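Enquirer:
In structure tokens:
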């Protein structure tokens, strides 16, 4: 018997039992729906992560740390002592070796590195301006590789930094610092205040005591302060696809360095950096540079590494949703087995007749397996169609609720994975139909055709 | 020619054994109409199953045109049934929710014939039984007599050498039964194939060329034929 004839007969048998067919395939449709959504959400999340990275991170950028374990969360347990490099304890109990200025200089000299900027730690006390209250502040280095949403004023073009006297303020500070609106802040002067506890040597103290000069002693132990003044160049808004924390004020690299040196002077963390950002020269593969630096003992992360890290998270979440879909499918498999067994029982006569007319057991079995495959196909199509319609209808709402930003959607439906999904569902349904089909194939036509 | 030699069929094992067919032998010449007559439980149905390759008696030979179908592999037996045998049953066994066309096309599909040939043959078979106008009708909408005519069309559509009819008129009223009988005998004369009717109806049996009376698994009497014993 020709396979096409068997498939046609299988389709007709299902048509004759419409209610049963639809109900059985709806069970599969639930699984198909979940899986389609999971596939679409995974795809959308990866796309979104990609958008975030490409708009925020220069692909030529490397993140470099002294300690390769930093990117795995830091090493726990005791570390080898190195007098030149301090070890900073991390909140999670791990400790991380710091980059020294010598490391930075050595990397800067490399022929494949265009520039390197350590992440300066600036312990600013507060930000203020004349006649206003003081507010806590985090200052970071202006990143010239990132496009930012400018609400007022202007920022220099990409790869060009703001000057040493300029500052970019997040919009939150506009009203706090008493500006009428965003535009009113531009060109005004703000002050960042820093303090440090002086580092005093034993000799200095002894000298002051020896000279019996209380004023000198007080001067030695007095807090040292610095007020850095900056002109507001731009007010930066929050962007949907921005990774950078826009609650930080941004100052130029040199200013950040100066402030950092002031706050860490005399402490072990002077000229010690947890992490540095290096830019690989154009035309050189960052992965190659990474390899060279890793060979020298540094911990290096490329933009691609970050991407794969984000993807790992997305994939894990997607895996969980897929797990639920698979559970639904397993349930539906029992549904198919049950339905097909009943179908075999109901059609004992028909099977007996077909076998009496010389139909091979193999073909009878195939007839029932194809019926199961049809059920799988129907379920797959119903489930994925409903998922696509619901997904496309809900996408705008999801985008606005999660504030993903215009043009970004969470659910991206791609035809090939969905077609593959349907094919896999058909295969699973066929497998589920195996036992009932075998029962049908083994029916004895004489028994099946007994009238009484 | 159908030649049955010393066929014995036993159901069950050892002390529970029941001999359904006990050393049966006879010969049916080509083109004959034969009635296998007996009460229910006499073994007449078992004999039909053995002759048509549905059942395998443990002893004896069933020679159809010189080939012992008991020695064939199951695949070859299926092929033999699909090419050389037609079946007609008391309860029709037409598929109620399929159209007349699909019912009649089934044996041809099983025999792996192309759609084109199928179409021609089905139309011809339906014409013979007078159901041409019901081709697209669902079988459930046909009357009892029409259903049996449809079953006859299905039995003759692959132009078999032998047609087995198991109580073909058992479920029909007398008038309709007579029509079916006429149709069967007419086809038998026309086609030159063999018609084997299993029945307990003496009147129907009397219309056959040859009658084999079965009683308790043995041949009781053989009328009009030759070669059997007892």
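Chains as they are written, first to last, in our numbering: chain W, 29 to 480; chain H, 21 to 250.
Every residue gets a Cβ at the ideal spot worked out from N, C-alpha and C, and that includes glycine.
Please read all numbers here as calculations on a predicted model, not as lab measurements.
Quick one: is residue 402 of chain W buried, meaning 16 or more other Cβ sit within 10 Å of its Cβ, or exposed?
Expert: buried
Enquirer: Please report the straight-line C-alpha distance between residue 447 of chain W and residue 47 of chain W, rounded to a whole angstrom.
Expert: Spanning the two alpha carbons is a distance of roughly 25 Å.
Enquirer: How many Å lie between residue 460 of chain W and residue 38 of chain W at the Cα?
Expert: 16 Å
Enquirer: Buried or exposed, going by whether 16 or more other CB atoms sit within 10 Å of the CB of residue 475 of chain W?
Expert: exposed
Enquirer: Is residue 14 of chain W helix, strand or coil by DSSP?
Expert: Residue coverage of chain W in this structure runs from 29 to 480, which leaves residue 14 of chain W outside it and unanswerable.
Enquirer: Considering only C-alpha positions, which residue in the set W:385, W:41 and W:425 is nearest to residue 113 of chain H?
Expert: W:385
Enquirer: Straight-line CA distance for residue 278 of chain W to residue 197 of chain W?
Expert: 7 Å
Enquirer: At least one CB of chain H closer than 8 Å to the CB of residue 386 of chain W: is that the case?
Expert: yes
Enquirer: For a contact defined as C-beta to C-beta under 7 Å, what are the partners of residue 112 of chain H on chain W?
Expert: What residue 112 of chain H touches in chain W: nothing, since even the nearest Cβ is about 10 Å away.
Enquirer: Quick check on DSSP: helix, strand or coil for residue 251 of chain H?
Expert: Coverage of chain H is limited to positions 21 through 250, which leaves residue 251 of chain H absent and any answer about it impossible.
Enquirer: Which parts of the stretch 46–117 of chain H are runs of the beta strand (DSSP E), unbroken and 3 residues or longer, counting only runs that do not cross its ends?
Expert: Listed in chain order, they are 53–57, 79–84 and 105–108.
Enquirer: If you reduce the DSSP assignment to three classes, tell me which class residue 127 of chain H lands in.
Expert: helix
Enquirer: Just verifying my parser: in three-state terms, what is the DSSP assignment at residue 408 of chain W?
Expert: helix
Enquirer: Measuring CB to CB, does residue 342 of chain W end up less than 8 Å from residue 77 of chain W?
Expert: yes
Enquirer: Tell me whether residue 473 of chain W is buried or exposed, calling it buried when 16 or more other Cβ atoms sit within 10 Å of its Cβ.
Expert: buried
Enquirer: Within 10 angstroms of its Cβ, does residue 184 of chain H collect 16 or more other Cβ (buried), or is it exposed?
Expert: buried
Enquirer: To the nearest angstrom, how far is it from the Cα of residue 13 of chain W to the Cα of residue 115 of chain H?
Expert: In the structure as shown, chain W begins at 29 and stops at 480. Residue 13 of chain W is therefore absent and cannot be evaluated.
Enquirer: If we count Cβ pairs, one from each stretch, closer than 8 Å, do we get three or more for the stretch 205–218 of chain H versus the stretch 46–62 of chain H?
Expert: yes
Enquirer: Can you tell me whether residue 515 of chain W is helix, strand or coil according to DSSP?
Expert: Since the first residue shown for chain W is 29 and the last is 480, residue 515 of chain W is missing from the structure and cannot be characterised.
Enquirer: Examine the Cβ distances between the stretch 21–34 of chain H and the stretch 72–83 of chain H and report whether three or more of them are shorter than 8 Å.
Expert: yes
Enquirer: Below 8 Å on the Cβ atoms is my contact criterion, and I expect residue 404 of chain W with residue 55 of chain W to pass it. Report the Cβ-Cβ distance as a whole number of Å.
Expert: Going by Cβ atoms, the distance from residue 404 of chain W to residue 55 of chain W rounds to 11 Å, so no, they are not a contact pair.
Enquirer: Tell me whether the beta-carbon of residue 98 of chain H lies closer than 8 Å to the beta-carbon of residue 29 of chain W.
Expert: No.
Enquirer: Write down the C-beta distance between residue 253 of chain W and residue 157 of chain W rounded to the nearest angstrom, noting that I regard them as a contact closer than 8 Å.
Expert: Not a contact, Cβ separation roughly 17 Å.
Enquirer: Taking C-beta pairs closer than 7 Å, name the residues in chain W that residue 102 of chain H reaches, listed in chain order.
Expert: 385 and 386
Enquirer: Three-state secondary structure (DSSP) at residue 192 of chain W?
Expert: Coil.
Enquirer: Determine whether the beta carbon atoms of residue 478 of chain W and residue 389 of chain W lie at a separation below 8 Å.
Expert: no
Enquirer: Taking all protein chains shown into account, decide if residue 273 of chain W is buried (16 or more other Cβ within 10 angstroms of its Cβ) or exposed.
Expert: Low confidence applies to residue 273 of chain W: its pLDDT is 49, below 50, so where it sits in the model is not reliable, and the reading given next is rough at best. With fewer than 16 Cβ atoms within 10 Å of its Cβ, residue 273 of chain W is classed as exposed.
Enquirer: Quick one: give me the first and last residue of the alpha helix (DSSP H) that residue 467 of chain W is part of.
Expert: 462–470
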